[in-house]
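My numbering puts the first residue of the sequence shown at 101, with every later residue one more than the last.
Scroll down for the structure; my scribbles are underneath it.
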Amino acid sequence: MLAVRDLEKGREAAATMTGHVEVRRLDLADLSSIRAFADDLTDPVDVLINNAGVMIPPLTRTADGFELQFGTNHLGHFALTNLLLSQVRERVVTVSSNAHKVGSIDFDDLNSERKPYRAMSAYAQSKLANLLFTAELQRRLTAAGSPVIATAAHPGFATTNLLKSDGRRRVRDLAQKAVTGLLAQSDEDGALPTLYAAVADVPGDSYAGPSGFLEGRGAPKLVGRSTKARDGEVARRLWETSEKLTGIRSLTA
């Protein structure tokens, strides 16, 4: 199943795939859309892949007033996972980024309401939140005796739509295109770490990424994460804060 914000694009993608692929609407920037999707999905879920991503936009708010990157990349996935968790049979995979290494969780200003907005800092915070979410989810699944595991992955430097030019800065766009052509891998290769995290024999709270230079490209393998991404106390606090912000409580302890 493909859960997509744009049904037309989702159907176009499904048409390129083999087998039966169901397409359903889901906007991770809207808690009402997430709830509606979860209410309609009654079938078991073998593997849930949290892959929605917004990267360095101008300051924008979700339907519920959250900063768009934190609201989509973290809170949207948090809400969806917890609403579907009782139906998940095997694994929850959440896609993070190497940008998590420069991220910090600013509990005093999670939604960029007090300080000047810095798009890259907000993005890095959301990607760090993905790994803290994975760690705390795994802790809770283990405590509950669940066979489900939580894993994470990052695509490295891949030529996805996140790198699409807006056409307004020609020199920057040309430089970006040159660097991308030299260093980046294809979007298909960028998807391999996520597939690895979804199906390989890996432990809970593992993190997959490319094996090449600076984890930018190459075959997938298990990779490390920043010290901040291993902070259990911050992970618990973020979880509890996310419950309050979304109004969605976990089924796990």
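A virtual CB, placed ideally from N, CA and C, is assigned to each residue, including glycine.
Inter-residue distance for E167 and Y296 is about 30 Å (C-alpha atoms, whole angstroms).
Counting the other Cβ atoms within 10 Å of the Cβ of V192 gives 16 or more, which makes it buried.
In its chain, beyond the 5 residues on either side, D209 have a beta carbon closer than 7 Å to the beta carbon of K215. Remark: C-beta atoms of D305 and Q238 approach each other more closely than 8 Å.
When secondary structure is reduced to three states using DSSP, R336 falls in the helix class.
Taking L180 as reference, the option from A152, M117 and G110 with the minimal CA-CA separation is A152. With fewer than 16 other beta carbons inside 10 angstroms of its own, E340 counts as exposed. Uninterrupted alpha helix (DSSP H) stretches at least 4 residues long and entirely within the region 107-190 occur at 107-115, 131-140 and 177-184, given in chain order. Selection P255, A138, V121 and T234 evaluated against D127 yields A138 as nearest (Cα-Cα). With contacts defined as CB atoms closer than 8 Å, Y307 and A229 fail to qualify as a contacting pair. C-alpha of E122 to C-alpha of A114: approximately 8 Å in a straight line. Nearest to D143 by alpha-carbon distance, out of R336, G347, T194 and V188, is V188. The straight-line gap separating the alpha-carbon atoms of R337 and R325 is approximately 19 Å. For L210, the three-state secondary structure derived from DSSP is coil. For F257, the closest alpha carbon among the candidates A250, V202, G318 and E236 is that of G318. DSSP places T234 in the uninterrupted alpha helix (DSSP H) bounded by A219 to A243. For the pair R111 and R105, the Cα-to-Cα distance works out to about 11 Å. When C-alpha distances from N173 are compared across R161, N182 and V154, the shortest belongs to V154. Annotation for P310: no alpha helix (DSSP H) segment contains it, though the beta strand (DSSP E) segment containing it runs Y307 to P310. V193 carries a strand assignment under DSSP once its states are collapsed to helix, strand and coil. Its Cα nearest to that of N211, the residue S226 stands out among S226, A235, N198 and A199. When only Cα atoms are considered, A243 and V323 end up about 25 Å apart. Shown here for P320: same chain residues with a beta carbon closer than 6 Å to its own, the five before and five after excluded, namely L292, P293, Y296 and A308 in chain order. Approximately 25 Å separates the beta-carbon atoms of T259 and T234; this is outside 8 Å, ruling out the contact.
Secondary structure at T346: helix, using DSSP grouped into helix, strand and coil.
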